[in-house]
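**Student:**
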Amino acid sequence: MSEVPLLDAKTFLKKIVSVVVNLNGINSDNIPKLRAQPELVLEAINKYDTEKNNQIKQVELNNEEINSLKNRISQGQRDIQNFEENIQNSTSKRQDLMTKIQEIQKETEETQTSIRANKEDLNTRTLRLKELENSVLDLSHENEKFDSKLKELEKELESTFLKKERFIQSYENRVSGMKILINKKYINSSLYQFIRALQAGSALDLNNILVAIDMREAKAKNIIMKMLEDNGPVIYNEASGTIELKEEVDF
1131 MSEVPLLDAK TFLKKIVSVV VNLNGINSDN IPKLRAQPEL VLEAINKYDT EKNNQIKQVE
1191 LNNEEINSLK NRISQGQRDI QNFEENIQNS TSKRQDLMTK IQEIQKETEE TQTSIRANKE
1251 DLNTRTLRLK ELENSVLDLS HENEKFDSKL KELEKELEST FLKKERFIQS YENRVSGMKI
1311 LINKKYINSS LYQFIRALQA GSALDLNNIL VAIDMREAKA KNIIMKMLED NGPVIYNEAS
1371 GTIELKEEVD F
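First residue of the sequence shown: 1131, per the working numbering; consecutive thereafter.
1. Quick one: what's got a C-beta closer than 8 Å to Lys-1200's C-beta in the same chain, skipping five residues either side?
2. Is the segment 1323 to 1343 touching the segment 1280 to 1299 in the sense that three or more CB pairs, one from each, lie closer than 8 Å?
3. With DSSP as the reference, label Leu-1384 as helix, strand or coil.
4. For a test of the three-state rule: what should DSSP assign to Asn-1361, helix, strand or coil?
5. With respect to the beta strand (DSSP E) encompassing Ala-1333, which residues constitute its N-terminal and C-terminal limits?
6. Would you check if the distance between the CB atom of Ser-1332 and the CB atom of Glu-1374 is smaller than 8 Å?
7. Assign Ala-1369 to one of two classes, buried (16 or more other C-beta atoms within 10 Å of its C-beta) or exposed (fewer than that).
8. Between the beta-carbon of Tyr-1366 and the beta-carbon of Ile-1353, is there less than 8 Å?
9. I need the DSSP call for Leu-1311, collapsed to helix, strand or coil.
10. For Thr-1372, which beta-bridge partners are listed by DSSP?
11. Taking the C-alpha atoms as reference points, what is the distance between Thr-1243 and Gln-1235?
12. Should Leu-1170 go down as buried or exposed, given a rule of 16 or more other Cβ atoms within 10 Å for buried?
13. Does DSSP put Glu-1288 in a helix, in a strand, or in coil?
14. Would you kindly work out how many angstroms separate the C-alpha atoms of Gly-1371 and Glu-1288, rounded to a whole number?
15. Please confirm whether Leu-1340 and Ala-1348 have their CB atoms less than 8 Å apart.
16. Indicate the three-state DSSP secondary structure (helix, strand or coil) for Arg-1208 in the structure shown.
17. Buried or exposed: where does Leu-1283 fall if 16 or more other Cβ atoms within 10 Å of its Cβ makes it buried?
18. Measure the alpha-carbon distance for Asn-1183 versus Ser-1198 and round it to whole angstroms.
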């Protein structure tokens, strides 16, 4: 039922009630029911109208609530979409961060490995340096000892050289003196006489030599054996009885 017919019905009923009221003055006893029924109907209509208005208001409130809920749902959907986008972005960022973390962990492991290797190399080099320092220290001590021994050896060699130099000088003097004594025949030893009778590069008959220097054969052979034992400058052939001087002997 629409609102316009309902208003027409109310107007119609009000007119009826007005007519009934007017008629009541004429004969109210005859039409009591006729008066009461329109009033009841009008009351029912007013009640219905009130309920209808309340329901309309409730519907409007419900519509407003529905619209509010729709707006909230739309906002919630937008929020969900934003959340999903944020989640996707966060997931992407998280993946990027995980990748960077893995790269950093790998670099950290490589750095730690390099540090350990460098530490081991440093320890090795430190030990080697310590060994070299100890070796240098030992060599320094050895060098000091060597320098000390070298100085001692220099002194010893210098002393020996001076002794030999003095010996050589005195030897030359002794040889010169010996030559003078021999030439003046102050010295006339058997060995000197025997060697002086020999000739370098010529094998001489031993018996002839002994006759010339007036020496016994036994004594001459003793001299020869002694000279051979001392690697003297003579060549003796016992089978042929000859003897030769290897080189000139300076007296």
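Note that beta-carbon positions come from the ideal geometry of N, C-alpha and C, so glycine has one too.
This structure is a prediction, so every number in the text was calculated from the model and none was measured.
**Tutor:** The relevant details are as follows:
1. none
2. By the Cβ test, the segment 1280 to 1299 is not in contact with the segment 1323 to 1343, since fewer than three Cβ pairs between them sit closer than 8 Å.
3. Any question about residue 1384 goes unanswered here, given that the chain covers just 1131 to 1381.
4. coil
5. From DSSP, the beta strand (DSSP E) with Ala-1333 extends over 1333 to 1335.
6. yes
7. exposed
8. no
9. Summary for Leu-1311: the model assigns pLDDT 46, below 50, so the residue's position carries little reliability, and this model does not support an answer.
10. Partner(s): Asp-1335, Asn-1367.
11. 12 Å
12. Exposed.
13. helix
14. Near 50 Å, if we compare the C-alpha coordinates of Glu-1288 and Gly-1371.
15. no
16. Arg-1208: helix per DSSP, three-state reduction.
17. With fewer than 16 Cβ atoms within 10 Å of its Cβ, Leu-1283 is classed as exposed.
18. 22 Å
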